[in-house]
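Note that the working numbering has the sequence shown beginning at 1157, numbered continuously upward.
A short write-up of the structure that comes next.
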Amino acid sequence: EAVFSDAGALSTVLDRPIGLTGQDWKLLLIAASRGGHWKVCLGTLPFIRPYVKETHPMYARESSVSSISGVGPSRPSLERLNRKYERIARALTAAILCFEVRGQYAWAIRAIDDWIEWSGRRPRKEAVASACRALAKRYRGQEVLTMVTKVVNIPAVSESDGVDDDLEVSDYTYEKAVYTESINALHKSGLYEEADQLYAAGVSNGHLSWAVVQSVTDKKRLRLDLHGMSAAVAHSAVRVSLQKEIMESSSQSSSDDNITWDRDVMIITGRGRRSGERFRPVLRPEVQRMLTEEFYPPLGSSSMPGNMGAILVLGKDIEAWLQHQRQQKGECLLFVADVLRDISSGNRLEKALRSSGNRLEKALIMKFESERTTGAAENDDKDQ
1157 EAVFSDAGAL STVLDRPIGL TGQDWKLLLI AASRGGHWKV CLGTLPFIRP YVKETHPMYA
1217 RESSVSSISG VGPSRPSLER LNRKYERIAR ALTAAILCFE VRGQYAWAIR AIDDWIEWSG
1277 RRPRKEAVAS ACRALAKRYR GQEVLTMVTK VVNIPAVSES DGVDDDLEVS DYTYEKAVYT
1337 ESINALHKSG LYEEADQLYA AGVSNGHLSW AVVQSVTDKK RLRLDLHGMS AAVAHSAVRV
1397 SLQKEIMESS SQSSSDDNIT WDRDVMIITG RGRRSGERFR PVLRPEVQRM LTEEFYPPLG
1457 SSSMPGNMGA ILVLGKDIEA WLQHQRQQKG ECLLFVADVL RDISSGNRLE KALRSSGNRL
1517 EKALIMKFES ERTTGAAEND DKDQ
């Protein structure tokens, strides 16, 4: 009979270590997340820390040295650590999802940072997307940019790091998934400027496709290809592409007033073969709505003859939009110039003193007339 006061003997009898294992803590986190108990998730994460740290790649990197020297215990291989990590990585996703539902964006950031430190790996893309949604709902656009930049710069430990095993689309990489989901979250919250910055960063890093397609045969027309993009990414692609082309045109002219635009823009949206409803386009109505509602004057669009998967924006509409932008910029500069002129010449101070002097003069006159009326009334009373 074993002495159960001895922890080692009890572990031998039970054929397992005493206490909860990493898988037990993961299941507890999943259960707490489904119940919406974010405080339980927050309190459980520190207990799963040692099991996550055991999967750190630095322990596998020392395995070759220990096996060759024959000194010290043997270390597990990187493949074994990867499998162990994949079994426990869902715990972070469950916690972040609960933080998102409860609006605890600050704890979502802290959990992501701690997980990166513990595991030395990229968090699952589902966890990063959930944290980005939580931040975007609170209009923390710059913090979304910071998180995405930090996560994508972490080197992948293995090819399957952060990617689902049942992923069918081979070109949908971890980086592309993170950029796409974060842009979707920013766009849904109306943070268009941050979404455009994220799209530009994704294109410059080679993780997102650039919308502009150079045509050898038709150089008088700007072509934008939005195939394979979500609606939010397509919005950012159109805005950033137009801005970049206009900036390149302005760099060739002496001033902004000399910028002219004489090119039609053809936007390829596709026919909707990959949409949820077969052959019902998704990008086309979204892009047309954006051109009408987010540009002033609105940019009209029409169907391409013989091509239902593309729309055409006339160059004269874009030129009118540029003229309006220049006019707004000029009015703003004139207003600022008037303010600076008043301040430098002292006109504004003089006007303020004059108005205050007029108010003081009116107050003294009213007081004098009131005193005179009161004095006349007193004299009449004495005469009587």
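Ideal placement from N, C-alpha and C gives every residue a C-beta, glycine not left out.
Quick caveat, the model's predicted, so the values are computed rather than measured.
Simplified DSSP state of residue i, which is helix, strand or coil
i, result
"Asp1473", "helix"
"Val1284", "helix"
"Ile1310", "coil"
"Arg1377", "strand"
"Arg1458", "Reading off the sequence, residue 1458 comes out as Ser, not Arg. Looking at Ser1458 - three-state DSSP - the assignment turns out to be strand."
"Ala1367", "coil"
"Asp1420", "strand"
"Tyr1452", "coil"
"Asp1327", "coil"
"Asn1361", "coil"
"Ser1345", "coil"
"Tyr1355", "helix"
Status (buried if at least 16 other CB within 10 Å, exposed otherwise) for residue i
i, result
"Gln1575", "For the chain, the structure presents residues 1157 to 1540; residue 1575 sits outside this window and is missing."
"Ser1225", "Caution applies to Ser1225, whose pLDDT of 49 falls short of 50 and renders its modelled position unreliable; the model cannot decide the point."
"Pro1437", "buried"
"Asn1238", "buried"
"Lys1182", "buried"
"Pro1279", "buried"
"Ser1189", "buried"
"Asp1321", "The pLDDT assigned to Asp1321 is 46, lower than 50, so where the model puts this residue is not dependable; a value taken from the coordinates is nonetheless given after this. With fewer than 16 other Cβ atoms within 10 Å, it is exposed."
"Glu1282", "buried"
"Gln1353", "buried"
"Lys1294", "In the sequence as presented, Lys is not what sits at residue 1294; that position holds Arg. That one is exposed."
"Glu1525", "exposed"
"Leu1323", "Any reading at Leu1323 is ruled out, since the residue's pLDDT is 43, under 50, leaving its predicted position unreliable."
"Met1403", "exposed"
For residue i: DSSP bridge partner residues
i, result
"Asn1463", "Met1460"
"Leu1468", "Met1422 and Ser1458"
Selection from the options that minimises the alpha carbon distance to residue i
i, options, result
"Glu1210", "Tyr1241, Ile1252, Gln1370 and Met1403", "Tyr1241"
"Pro1454", "Arg1440, Met1460, Glu1442 and Trp1477", "Trp1477"
"Ala1216", "Leu1201, Leu1234 and Val1284", "Leu1234"
"Ala1292", "Trp1271, Ala1264 and Ser1275", "Ala1264"
"Glu1253", "His1193, Thr1302, Asp1270 and Trp1274", "The sequence shown places Leu at residue 1253, not Glu. Out of His1193, Thr1302, Asp1270 and Trp1274, His1193 has the C-alpha closest to the C-alpha of Leu1253."
"Leu1447", "Met1464, Gly1462, Leu1468 and Met1460", "Leu1468"
"Ala1393", "Ile1339, Gln1298 and Asn1463", "Ile1339"
"Pro1441", "Thr1425, Arg1289 and Gly1384", "Thr1425"
"Arg1231", "Pro1213, Val1196, Ala1290 and Arg1243", "Pro1213"
"Gly1384", "Ala1312, Val1257, Thr1336 and Met1460", "Thr1336"
"Arg1277", "Leu1347, Val1208, Lys1375 and Ala1333", "Val1208"
Own chain partners of residue i with C-beta closer than 6 Å, once the 5 adjacent residues on each side are dropped
i, result
"Gly1456", "Asp1473"
"Ala1247", "Lys1182, Leu1185 and Ile1204"
Residue i CB to nearest heavy atom of the ligand COA below 8 Å
i, result
"Arg1243", "Among the ligands in the structure shown, none appear at all, so the ligand COA cannot be discussed."
Beta-carbon proximity list for residue i, same chain, < 8 Å, skipping 5 on both sides
i, result
"Thr1530", "none"
"Arg1377", "Ser1371, Arg1419, Asp1420, Val1421 and Met1422"
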